[in-house]
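Enquirer: According to our numbering, the sequence shown is numbered sequentially starting from 472.
Just so it is clear, CB atoms sit at the ideal spot from N, CA and C, and this is done for glycine as well.
Computed from a prediction, not measured in an experiment: that's the story for all the values here.
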Amino acid sequence: MRLGAVAGSSRETTDATVGVCGDRSLAWCNGPVGSAEPVTADVVLEGGEIHDGTGRPGVIGDVAIRGGKIVAVGTFKTQSVEWRLDCRGLVVMPGAIDLHNHSDRQVVDAKTRACINYLMQGCTTMVTGNCGWGPVNVGEYYGKINRAGAGANVVHLLPQGSLRRRWLVPTGEPRRVRNFRKWFAWPRRRWPMGPGGCRLD
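1. Using CA coordinates, which residue listed in 614, 539, 636 and 546 is at the minimum distance from residue 466?
2. Please confirm if the segment 556-568 is in contact with the segment 520-539, defined as three or more CB-CB distances below 8 angstroms between the two stretches.
3. Count the other C-beta atoms from every protein chain shown that fall within 10 angstroms of the C-beta of residue 601, then say buried if there are 16 or more, exposed otherwise.
4. For a test of the three-state rule: what should DSSP assign to residue 551, helix, strand or coil?
5. Output the distance between the C-alpha atoms of residue 533 and residue 590, rounded to the nearest integer angstrom.
6. Using the Cα positions of residue 555 and residue 632, report the straight-line distance between them to the nearest angstrom.
7. May I ask you to report which of helix, strand or coil DSSP gives residue 624?
8. Secondary structure at residue 543, three-state DSSP: helix, strand or coil?
9. Considering only residues of the same chain and omitting the five flanking positions on each side of residue 577, which have a CB-CB separation below 6 angstroms?
10. Who are the near neighbours of residue 666 in its chain, counting only those whose CB is closer than 7 angstroms to its CB and skipping five residues on each side?
11. If you draw a straight line from the C-alpha of residue 612 to the C-alpha of residue 619, how long is it?
12. Classify residue 532 as helix, strand or coil using the three-state DSSP reduction.
13. Take residue 509 and list the residues in its own chain whose beta-carbon comes closer than 7 angstroms to its own, dropping the five residues that flank it on each side.
14. Please report how far the alpha carbon of residue 571 lies from the alpha carbon of residue 625, in whole angstroms.
15. Rounded to a whole number of angstroms, what is the C-alpha to C-alpha distance between residue 596 and residue 574?
16. According to DSSP, is residue 590 part of a helix, a strand, or is it coil?
17. If you follow the alpha helix (DSSP H) that residue 567 is part of, which residue opens it and which one closes it?
18. From the DSSP secondary-structure annotation, give me the bridge partner or partners of residue 515.
19. Out of 514, 668, 525 and 592, point me to the one whose CA is closest to residue 542's CA.
20. Can residue 594 and residue 567 be called in contact, C-beta distance under 8 angstroms?
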């Protein structure tokens with residue numbers, strides 16, 4: 472998520488719950504971690520109540536982010552910070568994951584792809600393809616998302632219901648064995664394209 476692309480954000484302050492996601496999780500820290508050397512960061516979330524996702528009580532501190540990764544948590548000195556967000560009175564936490572989401576179409580629609588409604592609730596990852604419905608060409612779907620961008624991360628499940636409709640629904644002619652072969656072969660060909668799994672309901 473690029474903070475600059477999110478409506479309502481600024482270099483000085485924000486009025487929403489702040490969700491943090493990155494390759495380095497807040498949960499890796501056993502409490503606030505200070506740094507003796509000044510930290511260079513793209514963004515510093517200052518003075519928020521930090522919850523690391525482990526269930527421990529929150530602590531007041533700062534979070535520094537550089538290159539999309541968390542580089543410091545707690546109390547530390549900074550230098551060369553592009554954005555400082557005043558998070559006093561707000562919660563800073565790892566981004567929540569919505570495991571059952573139906574924004575398959577909305578995440579590729581120019582009007583809704585920013586996913587502001589989810590980001591404002593601290594949700595930074597959505598799992599689509601639920602209830603057996605959704606795009607079956609995973610590579611093409613991810614391509615659309617990546618070209619235009621999206622406010623949240625997307626993990627797409629290969630939807631068996633849509634696969635069945637593609638190959639097994641009668642079209643006026645008898646179902647043929649070759650259709651069943653296509654039905655079984657399609658997921659195997661699509662797996663290298665990166666689906667997060669297959670939804671069987």
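Expert: From the atom records:
1. Since the first residue of the chain shown is 472 and the last is 672, residue 466 is not available in this structure.
2. yes
3. By the C-beta density criterion, residue 601 is buried, having at least 16 other C-beta atoms within 10 angstroms.
4. strand
5. 20 angstroms
6. Taking the straight line joining both Cα atoms gives about 46 angstroms.
7. Reduced to three states, the DSSP call for residue 624 is strand.
8. strand
9. These residues qualify, in order along the chain: 583.
10. 609, 627, 628 and 629
11. 11 angstroms
12. strand
13. Cβ neighbours of residue 509 beyond the five flanking positions: 548, 549 and 550.
14. 12 angstroms
15. 11 angstroms
16. Here residue 590 sits in helix by DSSP.
17. Element bounds for residue 567: not the alpha helix (DSSP H) but the beta strand (DSSP E), 567-569.
18. Note: residue 515 sits in a beta bridge opposite 535 and 555.
19. 514
20. Yes, these two residues count as a Cβ contact at 8 angstroms.
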